[in-house]
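Below is one structure, written out as structure tokens; comments come after it.
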Amino acid sequence: MYNFKTGFYADVRIEDRFNTNIRMQNGQLYEAKQTTEKMAFVRVFDGKMWYYTSTDDVDSVQSALDELYSFAQADPQIDSHPIVKRYQVNKDVKLVFTDRCVKNVPFEQKLQLITDTANKLNSPLSNLKVAQYLDRYSVYNFYSSKGADITYDFQTCGVAYAMVFTKGNENLQEQLSKARTDFTQISYTDKELDEFVKRCEDFITNAQPVQAGSYPVVLAPIVTGVFAHESFGHKSESDFMLGDEAMAQEWSLGKKVGSDILTIRESGVFEGSGYVPYDDEGTAATDTYLIKNGVLAGRLHSATTAAALDEQLTGNARAINCRFEPIVRMTNTFIEAGDSTFEELIAPIKHGYYIYSVKHGSGMSTFTIAPNLAYEIENGKITHPVKIAVMTGNVFETLGLIDGVGNDRELLSFVTGGCGKMEQYPLNVGLGGPHIRVSKMNIQ
Amino acid sequence: MKTEKIVNKTSGKCLNIVANTVESLRINNSTENTVRVYDNGCIGVEGALGHADWAALEAGATAKLAQGIEYPETHEQARNLQIDATKHFFDEKDFVPKMQHLLDRLAQENPKFLFSNKIIIDSTDASYESSDNVKYLYKGNEFDIVLVIKYKGSANIQDEFYGAGSDYFDEDEICHDIKLKCDAFLNALPQVEEDEITIIGDVEPLSYAIQHIVADMYFNNASLFSGKLGSKLFSDKLSVTVNRSPDKQLNIPFFDAEGVVNPDYVNYVIQNGVLKNLLTNKKSAAQYKTALLGSAGANYTGVPVAGMGGFDVATTASSLDELVKGKAIYLSATSGGDMTPAGDISMPAQVAYLYQDGKLVGKLPEFAVSANIFDMLNDGFVGYCEKGFYKFGKQSYFVYKAKLVNKA
Chain V
10 MYNFKTGFYA DVRIEDRFNT NIRMQNGQLY EAKQTTEKMA FVRVFDGKMW YYTSTDDVDS
70 VQSALDELYS FAQADPQIDS HPIVKRYQVN KDVKLVFTDR CVKNVPFEQK LQLITDTANK
130 LNSPLSNLKV AQYLDRYSVY NFYSSKGADI TYDFQTCGVA YAMVFTKGNE NLQEQLSKAR
190 TDFTQISYTD KELDEFVKRC EDFITNAQPV QAGSYPVVLA PIVTGVFAHE SFGHKSESDF
250 MLGDEAMAQE WSLGKKVGSD ILTIRESGVF EGSGYVPYDD EGTAATDTYL IKNGVLAGRL
310 HSATTAAALD EQLTGNARAI NCRFEPIVRM TNTFIEAGDS TFEELIAPIK HGYYIYSVKH
370 GSGMSTFTIA PNLAYEIENG KITHPVKIAV MTGNVFETLG LIDGVGNDRE LLSFVTGGCG
430 KMEQYPLNVG LGGPHIRVSK MNIQ
Chain U
47 MKTEKIVNKT SGKCLNIVAN TVESLRINNS TENTVRVYDN GCIGVEGALG HADWAALEAG
107 ATAKLAQGIE YPETHEQARN LQIDATKHFF DEKDFVPKMQ HLLDRLAQEN PKFLFSNKII
167 IDSTDASYES SDNVKYLYKG NEFDIVLVIK YKGSANIQDE FYGAGSDYFD EDEICHDIKL
227 KCDAFLNALP QVEEDEITII GDVEPLSYAI QHIVADMYFN NASLFSGKLG SKLFSDKLSV
287 TVNRSPDKQL NIPFFDAEGV VNPDYVNYVI QNGVLKNLLT NKKSAAQYKT ALLGSAGANY
347 TGVPVAGMGG FDVATTASSL DELVKGKAIY LSATSGGDMT PAGDISMPAQ VAYLYQDGKL
407 VGKLPEFAVS ANIFDMLNDG FVGYCEKGFY KFGKQSYFVY KAKLVNKA
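Chains V and U supply the protein sequences, listed in that same order. So in my numbering, the last one in the first sequence is 453, and the numbering has no gaps at all. So in my numbering, the last one in the second sequence is 454, and the numbering has no gaps at all.
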């Protein structure tokens, strides 16, 4: 395929990406496009430094490769380099979406879906309604100087209906969204649409302010997923440990990091927005327990971090597209189900909060989650909606404060937003979990 | 009928830094080509990466008029303006050794810390042409340093952060700024007793206001400010503009995605506390019969959208010393803040320092900053300046009073 030179490791990643983006605002068409982009990302490693380039012209990959070789210096021992040795040599064709490819769904059908649904979303408290249909079908090719030759596909499609509800001087923006890998699975029933509107109307009409402080909280599955992703998922990305020997000690596997009922898993094998059968270094997806019964059980790797920490590859080297190099990222991250019902989780709470939906989250030493719809819990019952700007907690403390895990795990996909890590945003990921209870979080 | 051709060429060299060492060099070159056709009150857009077949793009855009996406067809007077704002930083073949020298020095001066992430030189070569004989060409570039700073042995993903964009490179200034942060980080202080205090931060509080001045939000009664255009909502001292002057901005064309160039490149959003204009593109300006701001953005294959490219705050003081006397808190890193439907903002401080008498004294325990947006930008607004304790690049100091909550 390509003329790879000896004395170097090199690989080529090509993505042929088809996208649909349809947006309507208050019944009027604002955007309607279907685009196809084909790009390549080329890497050369000489044992000391990496050299990367990207190109919009996939016919020029060889010349891009040759240009990178000119910057690097050949190393006859490159094949025994600890990073290069780790690279898998997979040969596979894994096209699993061809029989339900969104490219084959007529544009008019996509437009009709959101038009019909948006027409059913009405409220006297809302003047602004934005309906969006988004899909993506990508075919990836990966070739390496070690002989890897992989072809696989990826697909998501989904809808997002955003409405702004107004009462007096206050506004609530909320979104009803669904993402799947099959176009036939992204419609809503009339009952679901009606419940969404009523819930938002109730919120903007009755939501009360909260007094800042620490309270027990129960998180809905989507919020649990954001919590898992932000609080611990990013800490499991091993690149932050590079060059810091003390960190390896601090994060030694087997260390107790959370409550006994907490298990967090990470895997690209599940279909959805976090589906990554092969990562952007050609590594096959694995199923990694990050925390098992409260004990640190694993972490996420690229070949560079796996070599540095002398651990196994996990298939987590990812880039948002062919303009960027792969770095350690999550795929699907979720908390495993426990055995409590929702009613059992809220029953012991005298005064706390139920976080139903979330706008965004982020994580450093303190993780933050910005709830959208939230409710007060009083004496084991949900009473009224509340306005919470931000919920925060120290990562290490909070993982030990999970004292209830529901039996209702969900793994969710998304077509809007995504995960951000420094310059690379948005990356498609999946996340989820069951309802969980945390005995104390800061509410503001 | 009107036709627009837009070409946006970007090129960049990006170093990835891992634990004080240059790990990689990434070279990116990209060309995005767009044709937009306006006719019968509709728009059609076609785009391509790399080489452009202009005839095919125009045919594609013309065909897309049939989609029926309503958009006004505006016409402008013929004009030709070309600006080359490109700066010379250093010989680019020296990029890797020069940055490794900087990193070696940072490691030597701050031995308890590790420095990672990116150092980037980005260039833009953008052109806009329309069938009205309007031709604009802009060339620019910038030097960006965005370092994640980690205290050795810390269990955190990152402990500090340093980011600056500039039209020059100065190793001494960068080292000064980073040492300032690292030294303050090492001096752990007890929590401040005050529950309300002067905050020095970035313009994050304004970002919450800006989402409410989008014309579509405003005119659909979905904004906190709906019905208040032309009213004085904020402090006399607060003026916010779209300013795409090449003298002011780094690597941002003087024209927006719709080829709009404001007089002297400036248009007001907030002027002396008065909400003067909303975020618009040509479509929303026409639809709501309101002013065109000249800050639209667009994907190369997409319909233009209202944006905030060229956002700028007017300075109210020549330096931070003028604005802050005595004690304040400098928010070095916040993350994950948000605002309730009532306009109550909360911003969790990830890294904050006590600032006293012009100096960063030491690192404070965790807390969150809390204020209502109307208070924060009115009586709570102290001022804005671009000169303070940092020396390198473009810096901003947005100063306001706020409450501290959930103090550790």
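From the three backbone atoms N, C-alpha and C, an ideal C-beta is built for every residue, glycine too.
CB contact check: residue i to chain V, cutoff 8 Å
i         : result
ILE167(U) : no
GLY382(U) : yes
LEU160(U) : yes
ALA201(U) : yes
GLY211(U) : no
GLY343(U) : no
LYS196(U) : yes
GLN123(U) : no
ARG151(U) : no
GLY114(U) : yes
GLN204(U) : yes
VAL83(U)  : no
SER378(U) : no
Collapsed DSSP secondary structure at residue i in the structure displayed
i         : result
GLN454(V) : What the structure shows of chain V is the stretch from 10 to 453, and residue 454(V) is not part of that stretch, so it cannot be assessed.
ALA393(U) : According to the sequence displayed, residue 393(U) carries Met and not Ala. DSSP places MET393(U) in strand when its eight states are reduced to three.
ASP144(V) : strand
SER277(U) : coil
ASP282(U) : coil
GLN71(V)  : helix
ASN388(V) : coil
ASP203(V) : helix
GLN257(U) : coil
ASP88(V)  : helix
SER79(V)  : helix
PRO251(U) : helix
ILE358(V) : coil
HIS147(U) : helix
Below-8 Å beta-carbon distance, residue i vs any chain C residue
i        : result
LYS42(V) : The structure shown contains no chain C; its protein chains are V and U.
Minimum Cβ-Cβ distance from residue i to chain U less than 8 Å
i         : result
TYR61(V)  : yes
ALA316(V) : no
MET33(V)  : no
LEU38(V)  : yes
PHE351(V) : no
ARG208(V) : no
THR165(V) : no
GLY370(V) : yes
3 or more residues per run - each beta strand (DSSP E) lying fully within the region 159-238 of chain U: 159-176, 180-197 and 206-212
Under 9 Å (Cβ pairs) to chain U, residues found in the region 222-254 of chain V: Result list: GLY222, SER223, GLU239, HIS243, LYS244, GLU246, ASP248, PHE249, LEU251, GLY252, ASP253 and GLU254.
In chain order, each alpha helix (DSSP H) run of at least 4 residues that lies wholly inside the region 80-114 of chain U: 100-109
Start-end ranges of the alpha helix (DSSP H) lying completely within the region 217-273 of chain V, minimum 4 residues: 230-236 and 254-259
Segment contact flag, the region 277-291 of chain U with the region 412-428 of chain U, C-beta cutoff 8 Å, min 3 pairs: yes
Against chain V: residues of the region 245-261 of chain U by CB proximity under 7 Å: none
Continuous beta strand (DSSP E) assignments of at least 3 residues falling wholly in the region 359-411 of chain U: Within the region 359-411 of chain U, the runs of beta strand (DSSP E) at least 3 residues long that lie entirely inside it are, in chain order, 373-380, 390-402 and 405-409.
At least 3 beta-carbon pairs within less than 8 Å: the region 289-303 of chain V vs the region 79-99 of chain V: The region 289-303 of chain V, when compared against the region 79-99 of chain V, does touch it at the 8 Å Cβ threshold.
Uninterrupted beta strand (DSSP E) stretches inside the region 292-356 of chain V (no shorter than 3 residues): 296-301 and 341-344
Positions along the region 390-403 of chain U whose CB lies within less than 9 Å of some CB in chain V: ASP390, ILE391, SER392, MET393, PRO394, ALA395, GLN396 and VAL397
Uninterrupted alpha helix (DSSP H) stretches inside the region 301-350 of chain U (no shorter than 4 residues): 328-333
Inter-stretch contact (C-beta, 8 Å, three-pair minimum) for the region 66-85 of chain U and the region 426-442 of chain V: Under the Cβ criterion (8 Å, minimum of three pairs), the region 66-85 of chain U does not count as touching the region 426-442 of chain V.
Residues within the region 118-141 of chain V neighbouring chain U, beta-carbon criterion of under 7 Å: Within the region 118-141 of chain V, ASN136 and LEU137 place their CB atoms closer than 7 Å to a CB of chain U, listed in sequence order.
Interfacial residues, the region 263-279 of chain U to chain V, with Cβ spacing under 9 Å: MET263, PHE265, ASN266, ASN267, ALA268, SER269, LEU270 and SER272
Contacting positions in the region 173-204 of chain V - beta carbon closer than 7 Å to chain U: VAL173, THR175, ASN178, GLU179, ASN180 and LEU181
Against chain U: residues of the region 377-408 of chain V by CB proximity under 8 Å: THR377, ILE378, ALA379, LYS396, ILE397, ALA398, VAL399, THR401, ASN403 and PHE405
Cβ contact check for the region 104-124 of chain U and the region 84-96 of chain U: 3 or more pairs under 8 Å: yes
Chain-ordered residues of the region 68-80 of chain U with a beta carbon less than 8 Å from chain V: VAL68, GLU69, SER70, LEU71, ARG72, ILE73, ASN74, ASN75, SER76 and THR77
The region 93-107 of chain U: positions lying closer than 8 Å to chain V by Cβ: GLY93, LEU95, GLY96 and HIS97
Chain-ordered residues of the region 425-445 of chain V with a beta carbon less than 7 Å from chain U: Cβ contacts with chain U: MET431 and GLU432.
At least 3 beta-carbon pairs within less than 8 Å: the region 329-339 of chain V vs the region 239-253 of chain V: yes
contact_flag[the region 220-231 of chain V, the region 247-265 of chain V] where n(CB pairs < 8 Å) is 3 or more: no
Inter-stretch contact (C-beta, 8 Å, three-pair minimum) for the region 299-311 of chain V and the region 443-451 of chain V: Counting Cβ pairs under 8 Å, fewer than three are found: no touch.
Members of the region 345-372 of chain U near chain V, C-beta cut-off 8 Å: THR347, GLY348 and VAL349
Contacting positions in the region 330-341 of chain V - beta carbon closer than 7 Å to chain U: ARG332 and GLU334
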